[in-house]
Amino acid sequence: MAATQTDRVGTVWRDDMWLSNYPLNHHTAVDYFACSPFWDPGCNNGRARLEQRALTDLQGIEYTLDSCQEPHLFVICKQDRQSADAAVPVMFYYILDGSVYQTPTIHGVLSARLSRCMYSVQSAFLRLQKDLDPLTKSVPAPSKLLSLPSLPTQHSKLQMRRVPSNEDMHSTNRIISHVLRKVRQASAETLVLTAMCKLCQQLCKYIPGEHAKRQLHKSQVQRTERSMLGLTAESIGSPWAAAAAV
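At position 236 of the sequence shown the residue is numbered 1219 (the working numbering), and the sequence of numbers has no breaks.
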């Protein structure tokens, strides 16, 4: 019996004859609800009326007026009375302008709203598909053309060249520095040889033979060599001049 009552969410009941004979207010709302199919005949309301007892004195299912907004809305609560101070709500009903409805559960409300949203989304996609079908049918299929390999252009040749990395640049700079150092050393050696040749030429002017060279005073030879080294150091650079001064 309870299972059939909980499944009556879509049921609407109304008694125009009762409404035409009796006013609907907070005193008569429960009596009007008792005529509907939502009423449980074995509830405590009938027993309390027959036994002239209060509902709080009995245990079991009972119907009470939870709230109302006269004369349009009345909310009826079906609850399980466990003691005089404890009652557990089981179901809610409402009377709206004389029509009785069963309130749906939260799960039922959310399921109905989601189903409505899904229906709207599916309808939108179906309409969009119908609008796009003529466009897709009017577009011709792409022709199968023979693709020939393209010749490399100047731009593609430049892209094919390998970009030098940082290691390559470092190696190149090291090689260039080594070559420059060798060139400087060779230039210095050339200047020294040139100076020595000039020194020999000057000595040959003063010493006509090997025997005369031995007879020349040692001090004159040293003085001549220092003067020639000074001239050579001036042509080479400051380090040679400092060495000649010593």
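Cβ atoms here follow ideal geometry from the backbone N, Cα and C, with glycine treated the same way.
Helix, strand or coil at residue i according to DSSP, with G and I counted as helix
| i | result |
| --- | --- |
| Gly1192 | Residue confidence for Gly1192 is low, a pLDDT of 49 falling below 50, so the modelled location carries little weight and cannot support an answer. |
| Glu1045 | strand |
| Ser1050 | strand |
| Asp1063 | strand |
Where the beta strand (DSSP E) through residue i begins and ends
| i | result |
| --- | --- |
| Ala1070 | 1070 to 1079 |
| Val1083 | 1082 to 1085 |
| Asp1014 | Careful: Asp1014 lies outside any beta strand (DSSP E), inside the alpha helix (DSSP H) at 1012 to 1016. |
Rounded distance between the beta-carbons of residue j and residue i, thought under 8 Å
| i | j | result |
| --- | --- | --- |
| Val1073 | Lys1061 | 5 Å |
| Arg997 | Val1083 | 7 Å |
| Tyr1077 | Ile1089 | About 16 Å separates the two Cβ atoms, so there is no contact after all. |
| Pro1020 | Thr994 | 7 Å |
First and last residue of the uninterrupted alpha helix (DSSP H) at residue i
| i | result |
| --- | --- |
| Gly1025 | Counting along the chain, Gly1025 falls outside any alpha helix (DSSP H), and DSSP gives it neither H nor E. |
| Leu1002 | 999 to 1004 |
Beta-carbon proximity list for residue i, same chain, < 8 Å, skipping 5 on both sides
| i | result |
| --- | --- |
| Leu1038 | Asn1027, Asn1028, Ala1031, Glu1045, Thr1047, Arg1064 |
| Trp1022 | Phe1016, Tyr1046 |
| Arg1036 | Arg1030 |
Residues near residue i by beta carbon distance below 7 Å, same chain, minus five either side
| i | result |
| --- | --- |
| Leu1079 | His1055, Leu1056 |
| Leu1002 | Gly1081 |
| Glu1053 | Asn1008, His1009 |
| Tyr1005 | Thr1011 |
| Leu1033 | none |
| Met1000 | none |
6 Å Cβ shell around residue i - same chain, five flanking residues per side excluded
| i | result |
| --- | --- |
| Val992 | Gln1085, Pro1087 |
| Ala1017 | none |
| Ser1050 | Val1058 |
| Thr987 | Confidence in Thr987 is poor, its pLDDT being 43 and thus under 50, which makes the residue's placement too unreliable to answer from. |
| Tyr1102 | none |
Identity of the residues DSSP links to residue i by a beta bridge
| i | result |
| --- | --- |
| Asp1040 | DSSP, once it has assigned bridges, lists no residue as partnering Asp1040. |
| Leu1058 | Per the sequence presented here, residue 1058 reads as Val, with Leu not at that position. DSSP lists Ser1050, Tyr1077 as partners of Val1058. |
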